[in-house]
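For reference, the structure is listed below as structure tokens.
Numbering (mature numbering (1 follows the signal peptide of the UniProt record, and there is no 0)), first residue to last: -25 to -1, 1 to 170.
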């Protein structure tokens, strides 16, 4: 016969192992840092929806870039791209050395609607921001990112007309000749092939 107390201990052990595995699986152990920033609109009303605007974060020496999408108030969070060299290095004594600082930039890529911005407000440097308690650090923007929904009156934002005039030359031809208007065949340049 099986002892009920040993069966209860076995179930308790299985339950404890299950909960320990579940707790460890839900932990997110990573070395990534998050850049928090906010995009502002220079000519929008206070309740204007700024969601859907893409902001890219790119660091020197890192091939991949991180792209974030803004919320309705213009705030965004992007994972700071990192490399093995940028991650915390382990010294010979087994201690963890501080990660080298990276030169990172955040740039406004665009959004669902046409946006206008000056070169000064499109790119911002990512800087390390000290936490309130003085120990925790996070990353933010050194200068604000800002866009406009309309072209500033001092700038010429319209697309340049790359196509010339579509007016054709209409040479007067005698009606007796019975030909169509000259605009139908004057631009035609015949190619004469000589064998």
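Even for Gly, the Cβ is constructed at its ideal location relative to N, Cα and C.
- According to the DSSP secondary-structure assignment, residue 13 is paired through a beta bridge with 50.
- Going by DSSP, residue 102 is part of the beta strand (DSSP E) stretching over 98 to 105.
- A contact between stretches requires three or more CB pairs, one per stretch, nearer than 8 Å, and the region 11 to 23 meets this requirement with the region 117 to 134.
- With respect to residue 11, residue 91 sits apart: the two C-beta atoms are not nearer than 9 Å.
- Taking a C-beta distance under 9 Å as the contact criterion, residue 28 and residue 80 do not qualify as a contact pair.
- By the neighbour-count criterion, in which a residue is buried when 16 or more other Cβ atoms sit within 10 angstroms of its Cβ, residue 153 is exposed.
- In the DSSP assignment, residue 112 falls within the unbroken beta strand (DSSP E) covering 112 to 116.
- Burial check for residue 53: the Cβ neighbour count within 10 Å reaches 16 or more, so the residue is buried.
- When DSSP states are grouped into helix, strand and coil, residue -9 belongs to the helix group.
- Under a 10 Å Cβ-count criterion, residue 45 is classified as buried, with 16 or more other Cβ atoms of the shown protein chains found around its own Cβ.
- Less than 9 Å separates the beta-carbon of residue 101 from that of residue 116.
- Take residue 105, set aside five residues on each side of it, and the residues of its chain with a beta-carbon closer than 7 Å to its own are 112, in chain order.
- In terms of Cβ geometry, residue 55 and residue 25 do not form a close pair [threshold 9 Å].
- Straight across, the Cα-Cα distance linking residue 37 with residue 82 is about 16 Å.
- The alpha-carbon of residue 32 is positioned some 16 Å away from that of residue 94.
- Counting along the chain, the unbroken beta strand (DSSP E) around residue 44 starts and ends at 41 to 44.
- Taking each of 130, 88, -12 and 39 in turn and checking the Cα distance to residue 23, the smallest one comes out for 88.
- Comparing C-alpha distances from residue 21 to each of -5, -22, 49 and 42 shows the shortest one belongs to 49.
- Distances from the alpha-carbon of residue 99 to those of -7, 128, 40 and 30 put 30 closest.
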